[in-house]
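In terms of the working numbering, the sequence shown is residues 2 to 462.
The beta-carbon is built from N, C-alpha and C at its ideal position, and this holds for glycine as well.
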Amino acid sequence: MKFLWLAAVAACVLTPAHAAPPPASAFGRVPAVVDAAISPNGQRIAMLGGASEQRVISIATIDQPGLPILQLGEVEATRLRWAGDENVIASIAFWHNAGPKQFYRIERHVTVTPQAKAVARFFENATTSQYLVGGQPIVGVTSGSPARVLVNDLAEGMGSDSMNTRMKRKGVENASVRAIWSIDPATGKGRIVERGDYDTQSWDVDLSGEARVRVDVDELTHKAAFFARAKGKSQWVQFWTQASGGPEPHMLGYSEPEDAVYFEREGKLLRRRLADGVEESVSDGGPSMGLIWDAHRNGVAGISTGAEKAAVQWLDPEVGAAHGVLSRAFKGRQVRLAGWSADRTRFMVRVSSPSAPGGWYLYDRARKEVSPLGEEYPELKDATFGATRWLTYKARDGLEIPAYVTRPPGAAPTARLPLIVLPHGGPAARDDYDFDYLAQFLATRGYVVMQPQFRGSAGFG
2 MKFLWLAAVA ACVLTPAHAA PPPASAFGRV PAVVDAAISP NGQRIAMLGG
52 ASEQRVISIA TIDQPGLPIL QLGEVEATRL RWAGDENVIA SIAFWHNAGP
102 KQFYRIERHV TVTPQAKAVA RFFENATTSQ YLVGGQPIVG VTSGSPARVL
152 VNDLAEGMGS DSMNTRMKRK GVENASVRAI WSIDPATGKG RIVERGDYDT
202 QSWDVDLSGE ARVRVDVDEL THKAAFFARA KGKSQWVQFW TQASGGPEPH
252 MLGYSEPEDA VYFEREGKLL RRRLADGVEE SVSDGGPSMG LIWDAHRNGV
302 AGISTGAEKA AVQWLDPEVG AAHGVLSRAF KGRQVRLAGW SADRTRFMVR
352 VSSPSAPGGW YLYDRARKEV SPLGEEYPEL KDATFGATRW LTYKARDGLE
402 IPAYVTRPPG AAPTARLPLI VLPHGGPAAR DDYDFDYLAQ FLATRGYVVM
452 QPQFRGSAGF G
């Protein structure tokens, strides 16, 4: 009887509704896994994470012992991507002090080998790059070996476009122009392969490194224009300008298999062939529409939409089949394919839900195996969280506003509890059907947390 009584007491102590909530530090830490990437040949996995005060990059070779680790220290590392099978590109952010009250967030790229050695920093041979505030957008990685990385950075301009005039002219306020640099990841040095003018903002490229789509914003009028260059052509052709009026398209990217550009206009997904300019309707779209890309084929694999939860319409049945297998294995959670090998035998997967912190897995399709790689909040592994539901409420003018509502774990359905309204930032952003560390931290302290998708939220009008 004594043993049974002790067991009953232990059960009461361990019952989730009565267990002490995890400390704030377990919620507020930098995630133990920030990003992960699989090499094109599917043999290596690079992971970015570690303790909050000690970020690390680890690179594992599948079915081989050893785990080389690069210690980064207390820095803000944001992303990993492979350039071929021999180099990982790590994006690292820092704050630059340019003078009194002039602090700028700068993001730059470092090359890491499979042995976890940092061997180069991009743009070692370019002085103009130091003036680029913000990030250095990677617009593509060439196929073949050795791979080169295409980066949207700065180049010296050619001077203003008119002289001896009082009229405002381009190139006076900003003497640099945008350019595509082809970077050797082994050395960090590069060369210019495409130079824009004072209006050019960005490009999309194909797997050979050739620019196919260009976006300009006029420096004086601030009106946008889109240009295309079909395969086999050398001249840019303008296919839309804001100056002409009409519905404005939202550029989504260039797809190489069709030699076409995808864009959204008035809620619909359209595709424009570069060779003949013909527009085709691809999908009627939906809230929060976005595309899922195959980096190895430089094409569209699927269309993601959804209000409460993301739903994917797979255009590539092979990738869609892998996602279907994993969605059934992790029923009730959001399954995101974070990348896959070029032969599509191995997939990187992130799995989460509002009550389940993100976990990363490797799916080996040939072996029919799913292997855990890491957890974003390992200290919360055994914690119990409140349930999150999706509801709508009427605003003062009658408009239906959707919201996520999370209740404390173990709370009675009829309990009257204090409420915290947690609006997202942006405002052109949204909350997702995902683990929100702040919402769950507050819920474990006894609060109901409401996250409204108010007017102007992405995908909600």
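Per DSSP, reduced to three states, the secondary structure at valine 206 is strand. Excluding the 5 residues flanking it on each side, arginine 56 has same chain C-beta neighbours closer than 6 Å at Leu73, Val76 and Ala78, in chain order.
For the set Ala339, Ile39, Thr415 and Gln441, the Cα lying nearest the Cα of threonine 407 is the one of Gln441. Runs of the alpha helix (DSSP H) spanning 4 or more residues and lying entirely within the segment 31-72 do not occur at all. Around the Cβ of valine 450, a 10 Å sphere holds 16 or more other Cβ atoms; the residue is buried. Shown here, glutamine 137 sits in coil according to DSSP, grouped into three states, outside any helix or strand. In the three-state reduction of the DSSP assignment, valine 279 falls in the coil class.
Alanine 37 and tryptophan 361 do touch by the CB rule: their CB atoms are close to 5 Å apart, below 8 Å.
For the set Ser40, Trp96, Ala308 and Asn42, the Cα lying nearest the Cα of aspartate 432 is the one of Ala308. Of all C-beta pairs linking the segment 177-194 to the segment 225-245, fewer than three are shorter than 8 Å, placing the two stretches out of contact. The beta-carbon separation of aspartate 219 and threonine 201, rounded to 10 Å, does not stay under the 8 Å limit for a contact.
Serine 353 counts as buried, since no fewer than 16 other beta carbons sit within 10 angstroms of its beta carbon.
With respect to serine 342, isoleucine 39 sits close: the two C-beta atoms are nearer than 7 Å. Alanine 404 sits close to glutamine 452, with the two beta carbons spaced by under 7 Å. Its chain contains Tyr448 as the residues whose beta carbon lies nearer than 6 Å to that of proline 419, once the 5 sequence neighbours on both sides are disregarded; these appear in chain order. In this structure the segment 80-96 touches the segment 142-159; the number of beta carbon pairs closer than 8 Å is three or more.
Scanning its chain for C-beta atoms nearer than 6 Å, with the 5 sequence neighbours on each side dropped, one finds around isoleucine 421 the residues Leu443, Tyr448 and Val450, in chain order.
Sorting Ala323, Pro318, Ala312 and Tyr438 by C-alpha distance to the C-alpha of glutamine 335 places Ala312 at the top.
Under the DSSP definition of a beta bridge, phenylalanine 227 partners with Val216 and Trp241. DSSP places leucine 151 within a strand segment (E or B) once states are collapsed to three. In this structure, the straight-line span from the alpha carbon of lysine 382 to that of alanine 27 is close to 10 Å. With a beta-carbon spacing of about 19 Å, glutamate 195 and alanine 176 fall beyond the 8 Å limit used to define contacts. In the DSSP assignment, the residues bridged to methionine 252 are Phe264. Secondary structure of serine 328 (DSSP, three-state): helix.
Residue burial annotation: leucine 439 is exposed, with fewer than 16 other C-beta atoms found within 10 angstroms of its C-beta. If you compare the alpha carbons of Gly100, Gln103 and Val111 with that of isoleucine 93, the shortest gap goes to Val111.
In this structure, Ala61 is the residue among Ala61, Thr129, Gly426 and Val152 with its C-alpha nearest to the C-alpha of proline 115.
Setting aside the 5 residues that flank it on each side, leucine 392 is surrounded in the same chain by Pro403, Ala404 and Val406, each with a C-beta closer than 8 Å to its C-beta; the list follows chain order. Using a Cβ distance threshold of 7 Å, leucine 271 and glycine 286 do not count as a contacting pair. Rounded to the nearest angstrom, the gap between the Cα atoms of aspartate 185 and valine 150 is 7 Å. Close CB contacts of glycine 43 within its chain, under the 7 Å cut and outside five residues either way in sequence, are with Ser342, Asp344, Thr346 and Arg347 (chain order). When the five nearest sequence neighbours on each side are left out, the beta carbons in the same chain lying within less than 8 Å of the beta carbon of alanine 276 are those of Ala231, Lys232 and Asp260, in order along the chain.
Judged by DSSP in its simplified three-state form, tyrosine 448 adopts coil rather than helix or strand. Linking serine 235 to alanine 212 through their CA atoms gives a straight-line distance of about 10 Å. The beta carbons of aspartate 154 and glutamine 137 sit closer together than 7 Å.
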